Amino acid sequence: MYYRDLWIFSYLCNGMNFNDILNLKYKNIDGESMTFMRKKTIRSRKTSEIQVYLVDQAREIIEKWGIKPAMPDNYIFKGLNDTLTPIRKRNIVLQEVKHCNKIMNRIAGNIGINFNVTTYVARHSFATVLKNSNEPIAFISEAMGHSSIAVTENYLKSFQLEKRKDAAKKLTDWN
Numbered sequence: 112m113y114y115r116d117l118w119i120f121s122y123l124c125n126g127m128n129f130n131d132i133l134n135l136k137y138k139n140i141d142g143e144s145m146t147f148m149r150k151k152t153i154r155s156r157k158t159s160e161i162q163v164y165l166v167d168q169a170r171e172i173i174e175k176w177g178i179k180p181a182m183p184d185n186y187i188f189k190g191l192n193d194t195l196t197p198i199r200k201r202n203i204v205l206q207e208v209k210h211c212n213k214i215m216n217r218i219a220g221n222i223g224i225n226f227n228v229t230t231y232v233a234r235h236s237f238a239t240v241l242k243n244s245n246e247p248i249a250f251i252s253e254a255m256g257h258s259s260i261a262v263t264e265n266y267l268k269s270f271q272l273e274k275r276k277d278a279a280k281k282l283t284d285w286n
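In this text, residue positions in the sequence shown follow the working numbering: the first is 112, and each later residue adds one.
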């Protein structure tokens, strides 16, 4: 399933958002790693290249779904091309995110997950798993392309608040 695999790719690749995934080209891959600039912050003064180590599962997703031939200037995944206007590219990205969210929520429902599983959850999951594995916040911040550690701390705090709310609700679930 294409969208499930792209969601997993996002999670495995620093919580990369779909705009960045769909804008990847084969020239972004260099051996065991991949580098890219976040589209969201590319015009920021503090933006820098993000480096992702490509675990085997991420490589398998590229091999399975990557557009062939794997030429440096070719996009890796379907959807975008260099002839599209920026507005058309943005609309395609939004449509792909919508499709992915729909598929992921169907999968989640089938296995008993009762919350909205979106592409954003892949990004949050990446950060949260690393935080819970005691990786330094500075590393998580750099991996996600945040402008500062404070942004990452706030990002993680908001997710942890939702987790605390869910846990508190379970205290009174007497059914």
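The beta carbon of each residue, even a glycine, is placed where N, CA and C say it ideally should be.
Keep in mind the model is a prediction, meaning the values are calculated, not measured.
Practice task
May I have the straight-line CA-CA distance separating Val228 from Gly190, to the nearest angstrom?
Solution key: For the purposes of this step, residue 228 is taken as the residue at position 117 of the sequence shown. For the purposes of this step, residue 190 is taken as the residue at position 79 of the sequence shown. C-alpha separation (whole angstroms): 22 Å.
Three-state secondary structure assigned by DSSP to Lys280 = For the purposes of this step, residue 280 is identified with residue 169 of the sequence shown, where counting begins at 1. Residue state, collapsed to three classes: helix.
Worksheet item: Mapping DSSP to helix, strand and coil, what is Met127?
Response: Residue 127 sits at position 16 when you count from the first residue of the sequence shown. In this structure, Met127 counts as coil in the three-state DSSP scheme.
**Asked** Which one of Cys211, Trp285, Ala219 and Lys179 has the shortest CA to CA distance from Asn130?
**Response** Taking the first residue of the sequence shown as position 1, residue 130 is located at position 19. Comparing Cα-Cα distances from Asn130 to each of Cys211, Trp285, Ala219 and Lys179, the minimum goes to Cys211.
Worksheet item: Near Ile132, what residues of its chain come up, given a Cβ to Cβ distance below 7 Å and the 5 sequence neighbours on each side ignored?
Response: What you label residue 132 is simply residue 21 of the sequence shown in a count that begins at 1. Contacts found: Leu117, Phe120, Ser121 and Phe188.
For Met112, the three-state DSSP class (helix, strand or coil)
To locate residue 112, count along the sequence shown from 1; it is residue 1. Coil at Met112, not helix or strand.
query: Which residues in the same chain as Ala233 place their Cβ atom closer than 7 Å to its Cβ, once the five residues preceding and following it in sequence are excluded?
result: Here the question's residue 233 lines up with position 122 in the sequence shown. Annotation for Ala233: Trp118, Ser121, Tyr122 and Gly126 place their beta carbon closer than 7 Å to its own, counting only its chain and skipping 5 residues before and after.
*Can you name, in chain order, every residue of its own chain whose Cβ lies under 7 Å from the Cβ of Ser144, other than the five neighbours on each side?*
The sequence position of residue 144 within the sequence shown is 33, counting from 1. The residues are Gln162, Val163, Tyr164 and Leu165.
So, is Val208 buried or exposed, given that buried needs 16 or more other C-beta atoms within 10 angstroms?
If you number the sequence shown from 1, residue 208 lands on position 97. Buried is the call here.
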